[in-house]
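**Q** Here it is, the structure in full.
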């Protein structure tokens, strides 16, 4: 995380006092910095269970669907999933609007993940129901308006799947003044251009059940089933058992043909009429949609041209973003590896009020999201095998993070390595062993306004949002410390992260003491730290800073890779700031403490550079031999601190 040095063009004291004045209107429970606190994230703990770790499949869905159809009667209604679990405090409302099948169980794979952070309700339209599209719009609209009248400042989420996407767009177009956020999954606004319309016209002489069965087969995605089987094997399931489950899922649609026998004869004709009307209604009103829209589009959709339709809708709707899924079919919400809650968080669309706030609307990573980080960074971790040390209050250096305080607010202050490559290992280690989210203070360039994302795993910018990174401002630093967070600050900023040839392990700190004063104001604990090892992995070979046209212009250095060595981290002795009023009132005292912290970081870097020479496992060849004999999940020894 290449971070930004504290600005020099503004007075030091006025900025953080101004930030404090702006915070007086917020709930007092969020600013208990008079004592030791741990950020609670509205009652949701870090590494919470989002349910994605429990691999579900089509068989699970069809069993639930069969039970639902068995007692399916009456008008459309709202279902509240019982397996969603408890929600966070003040959770916003999410309404799930199903596909043309009308089944409210279409979100079953995501009940727990979405139910933890939303008040979740699912619209269910029985097979026998013949409610016109306009009346369905009115039904959803009534719920939206009632919720808005109760909580006018809270957003309302509409998750529309296929046909439900048209329904969501219609409601948004008719209610432009209500704060709506739309998540549209392969919306059926492209129905008139779809292959399914042509195919069903060809197969129209066949029975309704035969046509529906053909549609289901076209919707089937064998790649997804194979990926699900591989996921089971990776989680420890016997390969033979996973293979049996794979073949069972492939015959699922045949095993549940008894569902088709319960459908009224005119079902297909009615559903096609309903879909056609929904697409026409929504398309005529796209120019009236002012809501934020997140489009989830499958590139291998055999029923609708979802990829091209996503581009078309983005051109029509001003505030829209696209997330493409390259190897997924039409039933995206039923396929393995699709984590809707993570996508909403990465897109910066999860909020509790009219405007997104990076501190107070933040939701910590789940267990699945930590696994995604591990998956993306496994190559780096394998190459660098980080060894972390910390310092106890008596000055003893120990392996691990035992010397770092358990509760916030904590301000971690240290040095960047080249390209900020040390960040991922540091954040993951704190999450894994202390269940603490390290909130990085980052350069504003690392928060681009992306309008398109592909599903080849989350990129660095997504991980930055998942891990709670915030742009560099004094206001954000104060708010994070005041809420009891672990805050990661690099005073050297991008100057250290993008350093030149021959500047390895040097620090470039501006002479500014503002973070020291804010730590004292919030009774935070400052933990200086140092990290070394970039010279064992890569090196900069350019003098690129001479090419800058402006002092703060960001230019990336030329980098060449080396045979991997090892990363070493050490967290110094904690410096409690409780009662340090002298730092707030005496600028000289703040300067002295700042110089002490800077000296500590330099000393830690020198310590690590010296001690790593004693590590017999510094070379990757020795580590490979150790892991081959002891297991790849065994902690590799390091030097004796």
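Residue numbers (full-length UniProt numbering): 1 to 641.
Using N, Cα and C, we set each Cβ at its ideal position, and we do this for glycine too.
Count the other CB atoms, across all protein chains shown, that sit within 10 Å of the CB of residue 130; report buried if there are 16 or more and exposed otherwise.
**A** It is exposed - the Cβ of residue 130 has fewer than 16 other Cβ atoms within 10 Å.
**Q** From which residue to which residue does the alpha helix (DSSP H) around residue 607 run?
**A** Where residue 607 is concerned, the enclosing alpha helix (DSSP H) stretches over 587–611.
**Q** To the nearest angstrom, how far is the alpha carbon of residue 302 from that of residue 185?
**A** Using only the alpha carbons, I get a separation of about 14 Å.
**Q** Is residue 65 near residue 181, with beta carbons less than 8 Å apart?
**A** No. Outside cutoff.
**Q** Once you ignore the five residues that flank residue 391 on each side, which residues in its own chain have a CB closer than 6 Å to its CB?
**A** The residues are 397, 403, 572 and 573.
**Q** Between which two residues does the alpha helix (DSSP H) holding residue 375 run?
**A** From DSSP, the alpha helix (DSSP H) with residue 375 extends over 367–384.
**Q** Evaluate residue 445 with the Cβ neighbour count: other Cβ atoms within 10 Å of its Cβ, from every protein chain shown; 16 or more gives buried, anything less gives exposed.
**A** Residue 445 comes out exposed.
**Q** Counting Cβ pairs closer than 8 Å, one from the segment 534–544 and one from the segment 500–512, do we hit at least three?
**A** Cβ pair count under 8 Å is three or more, so yes.
**Q** Where does residue 331 land, buried or exposed, given buried means 16+ other C-beta within 10 angstroms?
**A** Looking at its Cβ environment, which holds 16 or more other Cβ atoms inside 10 Å, residue 331 is buried.
**Q** Grab the span of the alpha helix (DSSP H) containing residue 281 for me, first residue to last.
**A** Where residue 281 is concerned, the enclosing alpha helix (DSSP H) stretches over 267–283.
**Q** Extract the residue ranges of the alpha helix (DSSP H) inside the segment 47–119, only unbroken runs of 4 or more that lie entirely within it.
**A** As far as the segment 47–119 is concerned, its whole alpha helix (DSSP H) runs of at least 4 residues are 58–70 and 111–117.
**Q** When burial is assigned at 16 or more other CB atoms within 10 Å of the CB, is residue 325 buried or exposed?
**A** So residue 325 ends up on the buried side.
**Q** Measuring only the C-alpha atoms, how far is residue 558 from residue 167?
**A** Cα to Cα, residue 558 sits roughly 51 Å from residue 167.
**Q** If you run the structure through DSSP and keep just helix, strand and coil, what is residue 529?
**A** Three-state DSSP puts residue 529 in a strand.
**Q** Identify whether residue 584 lies in helix, strand or coil by the three-state DSSP scheme.
**A** In the structure shown, residue 584 sits in a helix (DSSP, three-state: H, G or I).
**Q** Where does residue 576 fall in DSSP's three states?
**A** Strand at residue 576.
**Q** Among all the DSSP beta bridges, which residues are the ones paired with residue 321?
**A** Bridge partners of residue 321: 294.
**Q** According to DSSP, is residue 353 helix, strand or coil?
**A** If DSSP states are grouped into helix, strand and coil, residue 353 belongs with coil.
**Q** Measuring straight from C-alpha to C-alpha, what distance separates residue 313 and residue 321?
**A** Their Cα atoms are separated by approximately 10 Å.
**Q** What are the boundary residues of the alpha helix (DSSP H) that includes residue 494?
**A** 493–497 is the extent of the alpha helix (DSSP H) around residue 494.
**Q** Does DSSP put residue 622 in a helix, a strand or coil?
**A** Residue state, collapsed to three classes: helix.
**Q** Among 585, 161, 536 and 589, whose alpha-carbon lies nearest the alpha-carbon of residue 329?
**A** Of 585, 161, 536 and 589, the residue nearest in Cα terms is 161.
**Q** Taking DSSP as the reference, what is the three-state secondary structure of residue 9?
**A** Residue placement at residue 9 is flagged as unreliable, the pLDDT there being 34, under the threshold of 50; the coordinate-derived value follows with that caveat. Residue 9 falls in the coil class under three-state DSSP.
**Q** Could you pull the DSSP bridge partners for residue 390 from this structure?
**A** Looking at the DSSP assignment, residue 390 forms a beta bridge with 398 and 571.
**Q** Report the rounded CA-to-CA distance for residue 108 versus residue 61, giving the unit in angstroms.
**A** Near 7 Å, if we compare the C-alpha coordinates of residue 61 and residue 108.
**Q** Can you tell which of 154, 269 and 86 has the C-alpha that lies nearest to the C-alpha of residue 127?
**A** Here the closest residue by C-alpha is 269.
**Q** Work out the CA separation of residue 170 and residue 442 for me, nearest whole Å.
**A** Using only the alpha carbons, I get a separation of about 39 Å.
**Q** Take residue 424 and list the residues in its own chain whose beta-carbon comes closer than 6 Å to its own, dropping the five residues that flank it on each side.
**A** Counting only Cβ-Cβ distances below 6 Å, and skipping sequence neighbours, we find 377.
**Q** Give me, in chain order, the residues of the same chain whose beta-carbon lies closer than 6 Å to that of residue 194; leave out the 5 immediate sequence neighbours on both sides.
**A** Taken in chain order, the residues that qualify are 304.
**Q** Residue 431 to residue 485, Cα distance in whole Å?
**A** If you take the alpha carbons of residue 431 and residue 485, they lie about 13 Å apart.
**Q** When DSSP labels each residue in this structure, what does residue 175 get in the three-state scheme?
**A** Of the three classes helix, strand and coil, the one that applies to residue 175 here is coil, per DSSP.
**Q** Tell me the rounded alpha-carbon separation between residue 516 and residue 590.
**A** Looking at the two C-alpha atoms, the distance is approximately 7 Å.
**Q** Is it buried or exposed, residue 570, if we count other Cβ atoms within 10 angstroms and call 16 or more buried?
**A** Result: buried.
**Q** To the nearest angstrom, report how far apart residue 288 and residue 178 are at their CA atoms.
**A** Approximately 13 Å, taken between the alpha carbons.
**Q** With C-beta atoms as the reference, is residue 352 less than 8 Å away from residue 154?
**A** Contact: yes.
**Q** On the DSSP letters alone, give me the boundaries of the alpha helix (DSSP H) that residue 431 sits inside.
**A** Per DSSP, residue 431 belongs to the alpha helix (DSSP H) from 423–434.
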